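Trainee: Here it is, the structure, as structure tokens.
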Amino acid sequence: MLNTASPIEQAGARESMDYDVVIVGGGPAGLSAAIRLRQLSVESGVELSVCVLEKGSEIGAHILSGAVMDPRAMTELIPDWKGKGAPLSVEVTEDKFLFLTEAGSKRVPAWALPENFRNHGNYVVSLANVTRWLGQQAEELGVEIFAGFAAAEVLYDDDGAVKGVATGNLGIGKDGKPTENFQLGMELHAKYTLFCEGARGQLGRQLNEKFKLSDNADPQVYGIGIKEVWEIEPSKHTPGLVMHTAGWPLENDTYGGSFLYHMNDCQVVVGFVVGLGYSNPYLSPFEEFQRYKTHPEIRKVLEGGRRLSYGARAMTAGGLMSLPKLVFPGGALVGDDAGFLNASRIKGSHAAIKSGMLAADAAFEALQAGRKSDELTAYPEAFRNSWLYAELHRARNFKQWMSKGLYLGTLMVGIEQKVLRGNVPWTLHHQHSDHETLKPASQCKPIEYPKPDGKLTFDRLSSVFISNTNHEENQPAHLTLKDPAVALNVNWRTYAGPESRYCPAGVYEYVKQDSGGEQLVINAQNCLHCKTCDIKDPGQNIVWVAPEGGGGPNYSNM
């Protein structure tokens with residue numbers, strides 16, 4: 001009898017492993033949940049099996065953030081973090097906030113800064129290194145961590161509840177057929193599964209759609225953060241100095257701003273955030289960042305130094321009003337997979353850690369009660385009674401005001417945060433998703449960006465090179481198009497090919513053919529996993545899926 005099964009189907013059933021809790025994502029949220037679960041297990045004397053799946057080649061490989069870290073949640077999770085050697089060593093010594101024009105700047109007096117821009121007691125950190133340290137703490141507590149394995153599929157039981165995840169198959173060629181290195185994915189079954197993939201998580205997005213988690217929430221909105229680490233001249237280095245800017249080079253109607261943080265060892269992190277709700281398809285966040293570095297206030301810090309690393313990542317910015325329902329049968333969304341980042345403070349790591357702890361507490365309570373695969377209702381209830389909810393509630397209008405323009409937004413945020421301290425009777429709502437906001441190119445003015453000088457400003461490819469990005473070359477593209485014809489018929493003809501500009505890694509380029517037409521080329525090997533294309537594509541035709549485990553950037557001190 002003719003066997004019509006595919007080669008992958010012929011490979012047989014996937015092996016499975018059983019755990020009490022499976023956690024998808026080895027970032028601050030996932031590791032904090034794992035640590036908290038094992039802490040409760042040890043304290044109670046009840047054995048609890050916990051595993052963490054991380055798609056990066058190692059814990060921290062895909063972690064990128066500014067970052068100035070509020071240690072409040074860390075102190076709750078690991079009170080003796082200083083004694084345990086947590087890499088929080090550079091305490092903030094000074095806050096500066098500048099409004100930039102093309103040639104000048106105006107500093108906001110310290111007394112006028114609202115609380116969300118005051119960082120006394122916070123630390124300038126490499127979040128990648130903090131995450132590596134959290135991974136060590138988790139393993140010491142008995143958490144099993146599988147790095148280099150991407151969770152590619154949500155598994156459901158007969159009642160429709162989440163029962164775990166499956167990792168992606170390894171060794172699949174570009175043609176979709178197994179290579180000599182083929183290895184079938186593994187199923188990981190759990191009583192509860194926590195999804196902590198970061199902003200625009202692949203599985204989190206699927207769960208959101210399946211369980212209609214956002215039906216009663218505002219649309220989620222995002223920003224893209226682009227970051228470099230520089231080594232600068234010792235005379236220009238002030239450990240603990242934190243500087244933010246707004247204004248130039250962005251237009252008044254485009255939300256965004258910058259950060260420049262002084263770390264130790266004569267290093268600074270410099271970055272730029274652009275809200276993905278912008279309307280001009282000719283805008284390039286990467287090029288705006290390069291242009292920003294030429295401002296006199298920034299140039300004087302970086303000139304004479306050398307660039308060490310580069311990366312980019314999308315971040316949620318919708319805040320409290322865009323949070324989906326956090327739980328569903330068998331699992332929960334945690335950290336930035338749900339959208340806990342506080343855009344007004346430009347901080348999310350403390351929120352990720354706290355939400356991880358809250359989800360872990362709820363899962364442990366359910367397991368102790370002998371439950372499984374139900375909704376962890378104690379998690380959203382605990383969140384509503386937490387300091388994290390209070391913090392996000394105070395900042396609930398920040399992004400909405402700033403989306404109305406720099407000057408009006410600054411005025412209203414100042415009134416809300418500085419004068420009224422967040423205690424306002426009104427709530428603003430997000431009206432549109434970011435992919436809905438682009439105008440046709442015919443209605444917009446092209447933006448001419450200067451060529452990079454190779455000293456202060458750079459091109460995309462040289463930038464991707466120092467992100468240590470690598471993907472197995474012979475594998476199916478993880479940047480997929482629902483309908484390839486849309487790229488030319490809609491994106492190119494209506495919007496002048498915006499994916500070639502909003503991608504910070506040169507993944508998408510339109511190449512002229514001999515026939516005179518254009519063809520979209522996808523250089524998937526360059527992908528930084530920032531998810532911007534999945535968010536901003538005007539027709540939602542681009543879908544990001546996890547590549548073979550271990551692929552992507554390998555950030556060290558980011």
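The sequence shown lines up with residues 1 to 558 when you count with full-length UniProt numbering. Don't be surprised by glycine CBs; every beta carbon is placed ideally from N, CA and C. Since the model is a prediction, treat every value here as computed from it, not as a measurement.
1) Nearest to M402 by CA position, among Y222, K84 and V413, is which residue?
2) Taking all protein chains shown into account, do 16 or more other C-beta atoms lie within 10 angstroms of the C-beta of D434, making it buried, or fewer, making it exposed?
3) Taking only three categories from DSSP, how would you classify D80?
4) Do C224 and P285 have their C-beta atoms within less than 8 Å of each other?
5) Should G550 go down as buried or exposed, given a rule of 16 or more other Cβ atoms within 10 Å for buried?
6) Looking at the secondary structure, which residues open and close the beta strand (DSSP E) in which E54 lies?
7) Based on Cα-Cα distance, which residue from L37, A152 and L406 lies nearest to F364?
8) Going by beta-carbon coordinates alone, are G27 and A352 separated by less than 8 Å?
9) For T245, list the residues DSSP reports as bridge partners.
10) Where does D20 fall in DSSP's three states?
11) Alpha carbon to alpha carbon, how far is G85 from A67?
12) Tell me where the alpha helix (DSSP H) around V464 begins and ends.
13) Helix, strand or coil for H430, going by three-state DSSP, please let me know.
14) Would you check if the distance between the CB atom of L100 and the CB atom of Y123 is smaller than 8 Å?
15) Per DSSP, which residues does G331 bridge with? Please list them.
16) May I ask you to report which of helix, strand or coil DSSP gives R200?
17) Quick one: give me the first and last residue of the alpha helix (DSSP H) that E288 is part of.
18) Does DSSP put P178 in a helix, a strand or coil?
19) I want to check one thing, is the minimum distance from the CB of N557 to the heavy atoms of the ligand FAD below 7 Å?
20) Would P504 be called buried (16 or more neighbouring beta carbons within 10 Å of its own) or exposed?
21) So what does DSSP say about F340, is it helix, strand or coil?
22) Comparing alpha-carbon positions, which option in Q267, L406, H350 and I415 lies nearest W387?
23) Does the segment 62-80 come close enough to the segment 199-219 that 3 or more CB-CB pairs lie under 8 Å?
24) Helix or strand or just coil, what does DSSP make of Y502?
25) According to DSSP, is V419 helix, strand or coil?
26) Quick one: what does DSSP say S105 is sitting in, helix, strand or coil?
27) Could you please give the first and the last residue of the uninterrupted alpha helix (DSSP H) stretch that includes W544?
28) If you drop the 5 nearest sequence neighbours on each side, which residues of the same chain put their C-beta closer than 7 Å to that of V301?
29) Any chance you could list the alpha helix (DSSP H) runs of at least 4 consecutive residues sitting entirely within the segment 478-542, in chain order?
30) Judging by CA-CA distance, which residue of L323, P329, Q513 and Y282 is the nearest neighbour of L155?
31) So for Q267, helix, strand or coil by DSSP?
32) Between A150 and S57, what straight-line distance do the alpha-carbon atoms span, to the nearest angstrom?
33) Anyone know if the C-beta pair for L64 and R313 falls short of 8 Å?
34) Taking just the CA atoms, how far does K512 sit from A29?
35) State the start and end residues of the unbroken alpha helix (DSSP H) segment that holds L392.
36) Taking the DSSP output, what are the residues bridged to I145?
Mentor: Quick answer:
1) V413
2) buried
3) coil
4) Note that residue 224 is Ile in the sequence shown, not Cys. Contact flag set, yes.
5) buried
6) V50 to E54
7) L37
8) yes
9) L98 and S258, per the DSSP bridge assignment.
10) strand
11) Cα to Cα, G85 sits roughly 18 Å from A67.
12) R460 to F465
13) coil
14) no
15) T193 and F328
16) Coil at R200, not helix or strand.
17) According to the DSSP assignment, E288 belongs to the alpha helix (DSSP H) that extends over P285 to Y292.
18) Strand.
19) Summarising the ligand content, the structure contains no ligands, and the ligand FAD is consequently not present.
20) buried
21) coil
22) Checked all of Q267, L406, H350 and I415; the closest Cα to W387 is H350.
23) no
24) When secondary structure is reduced to three states using DSSP, Y502 falls in the helix class.
25) helix
26) strand
27) Here W544 belongs to no alpha helix (DSSP H); instead the beta strand (DSSP E) covers I542 to W544.
28) I232, K236, L260 and V268
29) 499-502 and 532-536
30) P329
31) strand
32) 10 Å
33) Yes, Cβ-Cβ distance for L64 and R313 is below 8 Å.
34) 44 Å
35) W387 to R394
36) V52, per the DSSP bridge assignment.
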